[in-house]
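The opening position of the sequence shown corresponds to residue 1116 in our numbering, with each subsequent residue numbered one higher. Even glycine gets a Cβ: it sits at the ideal position worked out from N, Cα and C. Reviewing the structure listed below.
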Amino acid sequence: MDTAAPRGPGGCSFPAVAVAAAVLTTVWWGLTALLSENFGNDCLFYFGVHGSRAEHCYLVNDRAEAWLPRLVSVAWVSAVLAVCLPRRFLPGRRVAAGVTVACLIVAVVLGGHALAVSSP
């Protein structure tokens, strides 16, 4: 007699994907801040105060500093929704997991760009 709960097709656990993506988004935020010397101190060291490259560096790092905490917050709210929504709301769980993964992708792009322009 099989007493295991039946799983949906594919066996993908949306809450697990959402929580993993939220954790990775949070870790990426910390790594970006650490590697870019707190979002832009490298800009001053390598490029100075004035110049087009320095201004671009400051702009990109300010954007990352402003948006990465928001992306982390949205990722965690979506992960909590993916965990807490009942199984009968499968489309809602999928959307919540998708939003969390989208936050991770945008965070990696923003952080990667900030790291790229901060180095000489």
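* To do: Compare the C-alpha of Pro1184 against each of Ala1135, Leu1230, Ala1148 and name the closest.
  => Your numbering for residue 1184 matches position 69 in the sequence shown. The shortest C-alpha separation from Pro1184 is found at Ala1148.
* Take the Cβ of Ser1167 as the centre, count every other Cβ of all protein chains shown within 10 Å, and call the residue buried at 16 or more, exposed below. => As a position in the sequence shown, residue 1167 is number 52, starting the count at 1. Exposed, because fewer than 16 other Cβ atoms sit within 10 Å of the Cβ of Ser1167.
* Asked: Out of curiosity, what's the CA-to-CA distance linking Ile1220 and Phe1204?
  -> Residue 1220 sits at position 105 when you count from the first residue of the sequence shown. Residue 1204 sits at position 89 when you count from the first residue of the sequence shown. The alpha-carbon atoms of Ile1220 and Phe1204 are separated by roughly 25 Å.
* CB contact flag (Thr1140, Ala1231, <9 Å) -> On the sequence shown, position 25 is the one that residue 1140 refers to. On the sequence shown, position 116 is the one that residue 1231 refers to. No, the Cβ-Cβ distance between Thr1140 and Ala1231 is not below 9 Å.
* Short Cβ contact (9 Å threshold) for Asn1176 with Gly1145 -> The count along the sequence shown starts at 1 and reaches residue 1176 at position 61. The count along the sequence shown starts at 1 and reaches residue 1145 at position 30. Asn1176 is not a Cβ neighbour of Gly1145, given a cutoff of 9 Å.
* To do: Determine, using beta carbons only, whether Ala1179 and Gly1213 come nearer to each other than 9 Å.
  => Here the question's residue 1179 lines up with position 64 in the sequence shown. Here the question's residue 1213 lines up with position 98 in the sequence shown. In this structure, Gly1213 does not lie closer than 9 Å to Ala1179 by Cβ.
* To do: Look at Arg1193 and Ala1135 and say whether their C-beta atoms are less than 9 Å apart.
  => Here residue 1193 corresponds to residue number 78 of the sequence shown, with the count starting at 1. Here residue 1135 corresponds to residue number 20 of the sequence shown, with the count starting at 1. Per the sequence shown, residue 1193 should be read as Ser rather than Arg. No; because the gap between Cβ atoms is not below 9 Å, this pair is not in contact.
* Give me the Cα-Cα distance between Trp1182 and Ala1137, rounded to the nearest whole angstrom. => For this step, residue 1182 is matched to residue 67 along the sequence shown. For this step, residue 1137 is matched to residue 22 along the sequence shown. Cα-Cα distance, rounded: 15 Å.
* To do: Leaving aside the five residues before and after Trp1143 along the sequence, list all residues of the same chain whose C-beta is less than 7 Å from its C-beta, in chain order.
  => To locate residue 1143, count along the sequence shown from 1; it is residue 28. Ala1222, Val1223, Gly1226.
* Asked: Since Ala1197 and Ala1211 are thought to touch, with beta carbons under 8 Å apart, how far apart are those beta carbons, to the nearest angstrom?
  -> On the sequence shown, residue 1197 is found 82 positions in, with the first residue counted as 1. On the sequence shown, residue 1211 is found 96 positions in, with the first residue counted as 1. 4 Å between Cβ atoms; contact.
* Asked: Rounded to a whole number of angstroms, what is the C-alpha to C-alpha distance between Val1164 and Glu1170?
  -> In the sequence shown, counting from the first residue as 1, residue 1164 sits at position 49. In the sequence shown, counting from the first residue as 1, residue 1170 sits at position 55. So the two alpha carbons sit approximately 8 Å from each other.
* Asked: Taking C-beta to C-beta, are Tyr1161 and Pro1235 nearer than 9 Å?
  -> What you label residue 1161 is simply residue 46 of the sequence shown in a count that begins at 1. What you label residue 1235 is simply residue 120 of the sequence shown in a count that begins at 1. Cβ atoms of Tyr1161 and Pro1235: closer than 9 Å.
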